[in-house]
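**Student:** Have a look at this one before I ask anything.
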Amino acid sequence: MLRRQCVARSYQRGSWAPGSKHQKHMSLNPTMYLYRFAGPHGPGPYVMKYWWTLGCFPTGIERPFRLPEFLASYQQQHVPIEVEEWLQCFVKNPYEELKDATSSLLKCLEEVPTRENTRGYRSIESGVSSFAAPLAQFERQLNVRVPFLAVRAALGSPALRERLKDDLFEYNESLSACGSTPHRRLARSAFDEPLTLPGGISNSDDSENLRGQISVPMREGIGSYASPNPRTSDDEKKLIRLLTTFSEGCALKEDYESAFSLLSSSLNFSHDDDIDAVVHSNASAAAILSGLYKEAEFHGRQAALLEPQAMLSTKSGGRGYVLWAIATAYQEDFDRGSRIVEKGLEVFPDSADLKSIREKLAGAVAAASSASPLRTRMIRSKGQQTRALLHGSGRSFDNEFDWVVFKNKLYPSKMNPSSNEMGSVFRRVGDFGGHVSTSRSLEPL
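To convert, take the position in the sequence shown, counting from 1, and add 947; that gives this note's numbering.
Right, dumping it as structure tokens:
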């Protein structure tokens, strides 16, 4: 009588890696469904398709590591980064580059057709790939980052699209009229650094000889160009409007963090207290929407302190105080919020916004005294929820106790080969005769 030689006493056949050949059982080795992942012999062409198109493998668990590509393309060019930056700045005329970028952006914006919304259907959003080159040029010249989402939102909303066209056109016109003041300020700051001449060269006698040769109008022209106006110039005001419109597009798409970073970076172009106050209050509103309450409090306070007293007559006077108080109240500090409102009402006694905030804060203080102490555990800010989903780790998913990646393969955390902490299967079987000595002191089983 023939007896089977292979007797199976457990569920496990073959290796532990997901996708390896033989039978496993979910109770013993639970694996998530992996769409395409790099198998035991490395990624094949079908997985590498996602590496080149999506940017990572479609499981999203292996982290993209692109050092070989960097070494193959960028580092082989043998140009130090300082030399590249120098060439970028001086080989092309920065003003011409910026002018060209804004003209191309305006041209692209006018060329993209407006889509008709069919009733009952979600409208197809216009592609923004044609904006990539001019937008990159614009960002490089002004050292700001404009997310593509802002352009996409501006293309989708008719009102925002017209406003963006107007702002781009006006900025372009003011560039033609008075040049690019941020570039002039940058050049001026480079001039202000003390010029060190090599030893033994004195420039005093040469400059005395030249004094009579340079005509007065030329001297004045060069002086007015090289020393820009300390106030905010016209093109900077237009640029701040343009960046604010872009940030409004981000807010339409509920990407409040990008809106906040755009508004914060537009502070570099403002050199007056009243414009600073407006930009700070916009940044504070964006920070409140994105759930960054400390930053919102800072910008609201700056707006309140810089707000000009000439606006006392307008009913939207105390906007900085309003945002400052809201940001404080969102951090559950109602007493300080009400003190800020009182201080704002001393300066702006007719502000309707401040009065309504005072009533709401009084109601919130009454409600907070009787509310459950667990109320702060619930996060209701949409921005904080989005950030938690993107960057946080969940209670039952996407945390270090769930899956681990080891040598391109996925293991459940209890089979993490690099540790035998509590709960690891390697506590039961030893280390399979691994390294004889390690730096880690392991307790004897």
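By construction, the Cβ of each residue, glycine as well, lies at the ideal position given by its N, Cα and C atoms.
1. With burial defined as no fewer than 16 other Cβ atoms inside 10 Å of the residue's Cβ, what is the status of VAL1030: buried or exposed?
2. Sort PHE1216, GLY961 and ILE1008 by Cα distance to TRP1350 and report the nearest one.
3. May I have the straight-line CA-CA distance separating ALA1080 from ALA1048, to the nearest angstrom?
4. Touching or not, the stretch 998-1015 and the stretch 1359-1378, by the rule of three or more beta carbon pairs under 8 Å?
5. Candidates GLY1291, ALA1101, ALA1276 and GLN1331: which alpha carbon is nearest VAL1312's?
6. Quick check: the stretch 1299-1307 against the stretch 1246-1257, are there 3 or more CB pairs under 8 Å?
7. So, using beta-carbon positions, are ASP1182 and THR1128 closer together than 7 Å?
8. Okay, do the stretch 1107-1120 and the stretch 1070-1080 touch, 3+ Cβ pairs below 8 Å being the bar?
9. Can you tell me which residues form a DSSP beta bridge with VAL1352?
10. DSSP three-state call for SER957: helix, strand or coil?
11. What separation, rounded to the nearest whole angstrom, lies between the Cα atoms of ILE1169 and ASP1139?
12. In this structure, how does DSSP classify GLY986 when only helix, strand and coil are distinguished?
13. Assuming VAL1093 and LEU1209 form a contact by the criterion Cβ under 8 Å, report the distance between their Cβ atoms to the nearest whole angstrom.
14. Rounded to whole angstroms, what is the Cα-Cα separation between ARG983 and TRP999?
15. Would you kindly report the start and end of the unbroken alpha helix (DSSP H) that includes ILE1394?
16. With distances taken Cα to Cα, identify the nearest neighbour of GLU1058 among GLY1370, SER1050 and ASN1064.
17. Can you tell me whether DSSP reads LEU1392 as helix, strand or coil?
18. Is it the case that the Cβ atoms of GLY1265 and SER1228 are separated by a distance below 7 Å?
19. Are three or more beta carbon pairs between the stretch 1359-1371 and the stretch 967-978 nearer than 8 Å?
20. Using 10 angstroms around the beta-carbon of PHE1344, count the other beta-carbons present and answer buried if the total reaches 16, otherwise exposed.
21. If TYR958 and HIS969 are in contact, beta carbons under 8 Å, what's the gap, nearest whole angstrom?
22. Scan the stretch 1321-1347 and note each continuous beta strand (DSSP E) run of 3 residues or more that stays entirely inside, going in chain order.
23. Quick check: what's the CA-CA separation for SER967 versus SER974?
24. Quick check: the stretch 1163-1179 against the stretch 1188-1198, are there 3 or more CB pairs under 8 Å?
25. Taking the alpha helix (DSSP H) that ASP913 falls in, what are its first and last residues?
26. For VAL1269, does the count of other Cβ atoms within 10 angstroms reach 16, so buried, or fall short, so exposed?
27. Quick one, are the C-beta atoms of SER1211 and ALA1230 less than 7 Å apart?
28. Between GLN1331, PRO1041, ARG1087 and ALA1101, which has its C-alpha nearest PRO1060's C-alpha?
29. For ARG1248, which residues of its own chain have a beta-carbon under 8 Å away from its beta-carbon, when the five flanking residues on both sides are left out?
30. My understanding is that ALA1234 touches PHE1216, with C-beta atoms under 8 Å, so please give their C-beta distance in whole angstroms.
31. Between MET1325, THR1323, GLU1289 and PHE1281, which has its C-alpha nearest GLY1310's C-alpha?
32. Can you have a look at PRO965 and say buried or exposed, based on whether 16 or more other CB atoms are within 10 angstroms of its CB?
33. So, for CYS1055: in the same chain, excluding its five sequence neighbours on each side, which residues have a beta-carbon less than 6 Å away from its beta-carbon?
34. Figure out for me which residue from LEU1186, PHE1348 and THR1323 has the closest Cα to the Cα of VAL1091.
35. Taking the alpha-carbon positions, what's the PHE1348 to CYS1197 distance?
36. What span of residues does the alpha helix (DSSP H) with GLU1254 cover, start to end?
**Tutor:** On the basis of the data shown:
1. VAL1030 counts as exposed, since fewer than 16 other C-beta atoms from the protein chains shown sit within 10 angstroms of its C-beta.
2. Answer by Cα proximity: ILE1008.
3. A direct Cα-Cα distance of roughly 8 Å separates ALA1080 from ALA1048.
4. With the cut-off at 8 Å, the stretch 998-1015 and the stretch 1359-1378 do not touch.
5. The candidate whose alpha carbon is nearest that of VAL1312 is ALA1276.
6. No, they do not touch.
7. Going by C-beta atoms, ASP1182 is nearer than 7 Å to THR1128.
8. The stretch 1107-1120 vs the stretch 1070-1080: no contact.
9. Beta-bridge pairing links VAL1352 to LEU1357.
10. SER957: coil per DSSP, three-state reduction.
11. Going from the Cα of ILE1169 to the Cα of ASP1139 covers about 15 Å.
12. Strand, per DSSP.
13. With 8 Å as the limit, VAL1093 and LEU1209 qualify as a contact, their Cβ atoms being about 7 Å apart.
14. Just so you know, the alpha carbons of ARG983 and TRP999 end up roughly 14 Å apart.
15. With the chain running from 948 to 1392 in the structure shown, residue 1394 is simply not present.
16. Minimum Cα-Cα distance from GLU1058 among the listed residues GLY1370, SER1050 and ASN1064 corresponds to SER1050.
17. A caution first: LEU1392 carries a pLDDT of 49, below 50, which makes its placement in the model unreliable, though a value can still be read off. For LEU1392, the secondary structure class from DSSP, reduced to helix, strand or coil, is coil.
18. No. Outside cutoff.
19. Flag = yes, the stretch 1359-1371 and the stretch 967-978 touch.
20. In summary, PHE1344 is exposed, with fewer than 16 beta-carbon neighbours lying within 10 Å of its beta-carbon over all protein chains present.
21. Their Cβ separation, rounded to whole angstroms, is 10 Å, which puts TYR958 and HIS969 out of contact at 8 Å.
22. Within the stretch 1321-1347, not a single complete beta strand (DSSP E) segment reaches 3 residues in length.
23. Going from the Cα of SER967 to the Cα of SER974 covers about 17 Å.
24. As far as the Cβ criterion goes, the stretch 1163-1179 does not touch the stretch 1188-1198, which means the pair count is below three.
25. Outside the displayed range of the chain (948 to 1392) lies residue 913, so it cannot be described from this structure.
26. When all chains shown are included, VAL1269 counts as buried.
27. Cβ distance < 7 Å, so SER1211 and ALA1230 count as in contact.
28. Considering only GLN1331, PRO1041, ARG1087 and ALA1101, the residue with the shortest C-alpha distance to PRO1060 is ALA1101.
29. If we look at ARG1248 and ignore the five residues flanking it on each side, its Cβ neighbours are GLY1267 and TRP1271.
30. Not really, about 19 Å apart at Cβ, beyond 8 Å.
31. Cα-wise, what sits closest to GLY1310 is PHE1281.
32. Classification of PRO965: buried, given that the 10 Å Cβ count is 16 or more.
33. In its chain, beyond the 5 residues on either side, SER1077 and PHE1078 have a beta carbon closer than 6 Å to the beta carbon of CYS1055.
34. It is LEU1186.
35. For PHE1348 and CYS1197, the distance between alpha carbons rounds to 35 Å.
36. Counting along the chain, GLU1254 sits inside no alpha helix (DSSP H), nor does DSSP assign it H or E at all.
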